[in-house]
Structure formats: C-alpha cells, structure tokens
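One structure below.
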Amino acid sequence: DGGITQSPKYLFRKEGQNVTLSCEQNLNHDAMYWYRQDPGQGLRLIYYSQIVNDFQKGDIAEGYSVSREKKESFPLTVTSAQKNPTAFYLCASSPWETGSYEQYFGPGTRLTVT
Amino acid sequence: QKEVEQDPGPLSVPEGAIVSLNCTYSNSAFQYFMWYRQYSRKGPELLMYTYSSGNKEDGRFTAQVDKSSKYISLFIRDSQPSDSATYLCAMNIQGAQKLVFGQGTRLTINP
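Residue numbers (the numbering used here), protein chains in the order written: chain A, 3 to 116; chain B, 23 to 133.
In structure tokens, the structure reads:
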C-alpha cells in the first residue's frame, strides 16, 4: 500500500534535548512538507522540500531543522532552541505535477516536552 | 487579520441534516481551494479541491467557491455520524508551494 508513515506516534522528551521525527513516503512524490498543529489552530508550515538535497523554510522554521538526502525521506529535528515544542507534527507529500494543492498527510507524531 | 478565516465551531447537527461549512479569505490571488477532513488524533485527508470559481460535487459532498465574495463552502448532504470530524479549508496560489489553512471547524453528527 502506498502512503506516508510517521514514527513514532507519541514521543516524550525532556526540555533541552533534541529530537528527530521520522517521515517516509512510498508515493514517489517529489515534494514533502512538515507542519505543526496546535489545539484550535490550523496547520502552520515549518519546512518544505521540492527536491532531494534542497529545502526551504516555512512560516515557523526557527528551532527546527530538516534534511532531504533521499526522495522518500524527510526527517524533522526539533532542537532545544524551539521555545514551545509540544505539538502535533504532520508530514505531507505532493506530486510535482499537481503542485502543492494535492497534499497527502501522514498520521502525525504527538510530541510532548516536559 | 488572518488570510483565511474559519469558524472553529463546534457545530453539532442531527443525522441526515445538510451541513454547511464555510471559510472567508482576504488574498484575491488564491486560485486553488481545498477541503480536508481530520479525524481525532489522525492526519488530515484531502476531500476535494476546486480550481477558481464554481461548484464541484463528489457523492454527498459539494464544494463551492465564490471568488467575488472571497468565500468558499463545503456542503454535506444526508450527514452521517461517520462525518463527525474537524474540517479544514486550505488554499493557495498557482505555482506556490505553501498552503494556507483555516483553523478548522469541529463537526459532530448526532445519531
């Protein structure tokens, strides 16, 4: 089955630790995205990548880093510099030919930092 | 003022009712308009998208775009308890990589 997988589903970390969230897709999509969702808020874009070895900052990139070494993988690192990291993190991908409007989402990772 | 405004609800209706969900926006350059459905603790799934103005129908769902009023709607006919979810509108400019999301409307269909 084609799709997007995110792991783990739940993640707990102590303040001051970096943590990496995994995102893998087997849809052969070129573009991948990371969003953050807070209660009662829409999705906010953290980073996106249109092609391997290239990525751009979204609206709230501070305190986050990404890499895109393979087409199917786009891991997100939440660093200790992120002031309020507890949130629901969503990864998405879209085929290049349809543009960003046809985005498909993974199941999400709920990160809790205490 | 946010670029996309969506009433967060919650909205509660009886089974079988027609549901109307709406978003307004301020950027007249938006051309693609999407509706996503998100069940609790899950990722959003794309329901429908519309390019420019007009209506689009898919089964019990109808998406409507009125660019002159900067207003989009999603109608759900014969609503079912399984339609209970948060509905997010999203839109973007052709060629742009960024989707702009509304904050979502939480919908409950009561049996």
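Yeah, the Cβ is synthetic: ideal placement off N, Cα and C, and Gly gets one too. This structure is a prediction, so every number in the text was calculated from the model and none was measured.
Give the DSSP-derived three-state secondary structure of residue 87 of chain A in the structure shown. Of the three classes helix, strand and coil, the one that applies to residue 87 of chain A here is coil, per DSSP.
Candidates A/109, A/82 and A/107: closest to residue 17 of chain A by CA position: Ranked by Cα distance from residue 17 of chain A, the options A/109, A/82 and A/107 are led by A/82.
Contact list for residue 77 of chain A against chain B, beta-carbon separation under 8 Å: Residues of chain B passing the Cβ test: none, with the nearest at roughly 17 Å.
Any C-beta of chain A sitting closer than 8 Å to the C-beta of residue 67 of chain B? Closer than 8 Å: yes.
Assuming residue 79 of chain B is part of the beta strand (DSSP E), what are its boundary residues? First-last of the beta strand (DSSP E) with residue 79 of chain B: 76-80.
For residue 109 of chain A, go through chain B and note every residue whose CB falls closer than 7 Å to its CB, in chain order. Result: 64 and 65.
Would you mind sorting residue 58 of chain B into buried or exposed? The rule is 16 or more other CB atoms within 10 Å of its CB. Only buried fits residue 58 of chain B, as 16 or more other CB atoms lie within 10 angstroms of its CB.
Residues in the same chain with beta-carbon distance under 8 Å from residue 29 of chain A, minus the five sequence neighbours each way, listed in chain order, please. Short of 8 Å from the beta carbon of residue 29 of chain A, and not among the five residues preceding or following it, lie these beta carbons of its own chain, in chain order: 4, 5, 6, 95, 97 and 106.
Where does residue 57 of chain A land, buried or exposed, given buried means 16+ other C-beta within 10 angstroms? Taking every protein chain shown into account, the CB of residue 57 of chain A has 16 or more other CB atoms within 10 angstroms, so this residue is buried.
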